[in-house]
Amino acid sequence: MPNSKLRQQIAWEAARLMYERQESEYFRAKRKAAERLGHGWTKPADLPSNAEIRDQVQMLARVHEGASRTDRLRDMRLSALAMMERLERFRPRLIGSVLTGHVRQGSDVDIHLFADSVEGVGHILEQHGLPYEVERKLVRKHDESRTYTHIHVDAEFTFELTIYSTKEAHFVFKSSITGKPIEKASIAELREFLAAEYPDVDLDEALDAAREQVDRFQVYQALLLPLENVKQNLKYHPEGDALYHSLQVFDRARNELPYDEEFLLAALLHDIGKAIDPHDHVAAGLEALEDFIPERTRWLIEHHMLAHGIADQTIGHRAHKRLRESEHYDDLILLGKCDRGGRKPGVIASELEEAIEYLRELDRMCS
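Counting from 1 along the sequence shown, just add 197 to a position and that's the residue number in our numbering.
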């Protein structure tokens, strides 16, 4: 196989595009890389295979993610098995990078299901409290068109469930990388594989933990939704309900520190206690969030009311001095600024789902 310098460069550039999630398909990634590097003069022999690009993606993953990648791969495989057992009636098959081990930051868990009704799959997901979206994608290949149905599930990891008809359960799917029959594993095969791959892991215990794993972003959404019915004193909150206010504060915080997840969490969640105990919303909110937020976020929420006292100079000297001693003092001042600024009637604010998805994507990008 040709091993020209240009071919290697194209493989690396295509891998970078895929690793950074700028492209999701090998064909488009290598075409874009070739256009950038070959200036229109690339020959067929200069285009790397999908396998070459995949190997480069894995090298980037090892360099940027280190040992954490191994732990994440194990956890993704366990989560895959837990999901497959929930959907056992649809004869699930694990495919893709989670099975082969070629995961990178942002990789999905890819599972094939065989069902004659998307609604049936959705019903099971709803029973388990798993939010999902259905996508139908038209793909043209070799002068043929086919519409694929995908169900995207946001849980501890992101799942892409591809739905095929029950008649295709025994169809041999080909890999876009090797051209050979795609690697796949049924529930029984995945259990056997995991037992051999991770002999020190108690599989049943690990599966119980995976099933009980709480999606913290679902917790945030559940705690924020009731704020829409919390009508605030118009003297201090002319914008209206507490959810609208929280989303305005989040938008302002995102404008200030768009990649600081802990700060953005504090901005979005600082008032969730108002729907639990309006007489002491700070303590109520912190109790509800106890296991789901980092320490810095907790500190900012705990003291966010004092930020207003600092701004209007009504806080006592000793209390202010104690706050100044914290490494998060400047963040508290900025949170107070966002809090006061998020009280504008009629302004366009993010939807709750948009805010949650932004935080979820930020978590994926930085984890």
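For each residue, glycine too, the CB sits at the ideal point set by N, CA and C. Source: prediction; values computed, not measured.
With DSSP collapsed to three states, give me the class of Arg213.
As a working note, residue 213 is residue 16 in the sequence shown. Helix.
What is the rounded straight-line gap between the Cα of Glu458 and the Cα of Ala242?
The residue given as residue 458 occupies position 261 in the sequence shown. The residue given as residue 242 occupies position 45 in the sequence shown. Going by C-alpha positions, Glu458 is about 45 Å away from Ala242.
Pick from Leu486, Tyr395, Met562 and Arg451 that is closest to Tyr417, judged by C-alpha positions
For the purposes of this step, residue 417 is taken as residue 220 along the sequence shown, with counting starting at 1. Minimum Cα distance to Tyr417 is reached at Leu486.
So, do the stretch 283 to 292 and the stretch 307 to 323 have three or more beta carbon pairs nearer to each other than 8 Å?
Under the three-pair Cβ rule at 8 Å, the stretch 283 to 292 counts as touching the stretch 307 to 323.
Here's the rule I'm using: 16 or more other beta-carbon atoms within 10 Å means buried, otherwise exposed. How should Met198 be labelled?
By one-based count along the sequence shown, residue 198 stands at place 1. Confidence is the limiting factor: at Met198 the pLDDT is only 40, short of 50, which leaves the residue's position unreliable, though a coordinate-based value still follows. The residue in question, Met198, is exposed, as its Cβ has fewer than 16 Cβ neighbours within 10 Å.
Quick check on Asp488: does DSSP put it in helix, strand or coil?
Position 291 of the sequence shown, counted from the start, is the residue given in the question as residue 488. Three-state DSSP puts Asp488 in coil, outside helix and strand.
I believe Thr346 touches Arg333 by the beta-carbon criterion, under 8 Å. Please report the beta-carbon distance rounded to the nearest angstrom.
The residue labelled residue 346 in the question sits at position 149 within the sequence shown. The residue labelled residue 333 in the question sits at position 136 within the sequence shown. Contact annotation, Thr346 with Arg333: C-beta distance approximately 5 Å; criterion of less than 8 Å satisfied.
Taking the alpha-carbon positions, what's the Leu203 to His349 distance?
Within the sequence shown, the letter at position 6 stands for residue 203. Within the sequence shown, the letter at position 152 stands for residue 349. Taking the straight line from one Cα to the other gives about 37 Å.
Identity of the residues DSSP links to Ser342 by a beta bridge:
Locating residue 342 in the sequence shown gives position 145, counting from the first residue. Its beta-bridge partners are Arg337.
Beta-ladder partner(s) of Asp438, from DSSP
One-based indexing of the sequence shown puts residue 438 at position 241. BP columns for Asp438 point to Lys428.
Does the structure place the stretch 351 to 371 close enough to the stretch 266 to 276 that three or more beta carbon pairs sit under 8 Å?
Flag = yes, the stretch 266 to 276 and the stretch 351 to 371 touch.
With DSSP collapsed to three states, give me the class of His367.
Taking the first residue of the sequence shown as position 1, residue 367 is located at position 170. It is coil, neither helix nor strand.
Report yes if the CB atom of Asp412 is closer than 7 Å to the CB atom of Ala546, and no otherwise.
Here residue 412 corresponds to residue number 215 of the sequence shown, with the count starting at 1. Here residue 546 corresponds to residue number 349 of the sequence shown, with the count starting at 1. Not a contact, by the Cβ cut-off of 7 Å.
Cβ atoms of Gly533 and Ala516: under 7 Å apart, would you say?
Mapped onto the sequence shown, residue 516 falls at position 319. Mapped onto the sequence shown, residue 533 falls at position 336. With a cutoff of 7 Å on beta-carbon distance, Ala516 and Gly533 are scored as not near each other.
Can you tell me whether DSSP reads Ile292 as helix, strand or coil?
Mapped onto the sequence shown, residue 292 falls at position 95. The answer is strand: DSSP assigns Ile292 an E or B state.
In whole angstroms, what is the alpha-carbon distance linking Gly235 and Arg228?
Walking along the sequence shown from the start, residue 235 turns up at place 38. Walking along the sequence shown from the start, residue 228 turns up at place 31. Cα to Cα, the separation comes out at about 10 Å.
Could you tell me which residues DSSP puts in a beta bridge with Val315?
Here residue 315 is taken as the residue at index 118 of the sequence shown, counted from 1. In the DSSP output, where bridge partners are listed per residue, Val315 has none listed.
Gly414 - containing alpha helix (DSSP H), residue span
Within the sequence shown, the letter at position 217 stands for residue 414. Looking at the sequence shown, residue 414 is not Gly but Phe. Taken as a continuous stretch (DSSP letters only), the alpha helix (DSSP H) holding Phe414 covers Arg413 to Leu421.
CB contact flag (Gln415, Gly539, <7 Å)
Here residue 415 is taken as the residue at index 218 of the sequence shown, counted from 1. Here residue 539 is taken as the residue at index 342 of the sequence shown, counted from 1. Taking C-beta atoms as the reference points, Gln415 and Gly539 fail to come closer than 7 Å.
Under 8 Å by Cβ, that's how I've got Ala382 and Leu296 pegged, so tell me the actual separation to the nearest angstrom.
Translated into the one-based positions of the sequence shown, residue 382 becomes position 185. Translated into the one-based positions of the sequence shown, residue 296 becomes position 99. About 6 Å separates the two Cβ atoms, so the contact holds.
Do you know how far the Cα of Ser523 is from the Cα of Pro193?
Because the chain is modelled from 198 through 564, residue 193 falls outside the range shown and cannot be assessed.
Spatial neighbours of Arg286 within its chain, please: CB distance less than 6 Å, with the 5 preceding and 5 following residues excluded, ordered by chain position.
Sequence index remark: in the sequence shown, residue 286 carries index 89 (1-based). Result list for Arg286: empty, nothing under 6 Å.
Assuming Leu424 and Leu556 form a contact by the criterion Cβ under 8 Å, report the distance between their Cβ atoms to the nearest whole angstrom.
One-based indexing of the sequence shown puts residue 424 at position 227. One-based indexing of the sequence shown puts residue 556 at position 359. The pair is not a contact, with the Cβ atoms about 16 Å apart (cut-off 8 Å).
Could you tell me whether the stretch 466 to 477 touches the stretch 396 to 409, where touching means 3 or more Cβ pairs closer than 8 Å?
They do not touch, by the three-pair rule.
Around the C-beta of Met562, are 16 or more other C-beta atoms found within 10 angstroms, so that it is buried, or is it exposed?
To locate residue 562, count along the sequence shown from 1; it is residue 365. By the Cβ neighbour-count rule, Met562 is exposed, with fewer than 16 other Cβ atoms within 10 Å of its own.
Taking the beta carbon of Thr344 as the centre, do at least 16 other beta carbons fall within 10 Å, making it buried, or is it exposed?
Position 147 of the sequence shown holds residue 344. Thr344 is exposed by the Cβ-count criterion.
Which word fits Leu335, buried or exposed, when buried means at least 16 other C-beta atoms lie within 10 angstroms of its C-beta?
The residue labelled residue 335 in the question sits at position 138 within the sequence shown. It counts as exposed.
Quick one, are the C-beta atoms of Ile250 and Ala208 less than 7 Å apart?
Stepping through the sequence shown from its first residue, residue 250 is reached at position 53. Stepping through the sequence shown from its first residue, residue 208 is reached at position 11. Yes; because the gap between Cβ atoms is below 7 Å, this pair is in contact.
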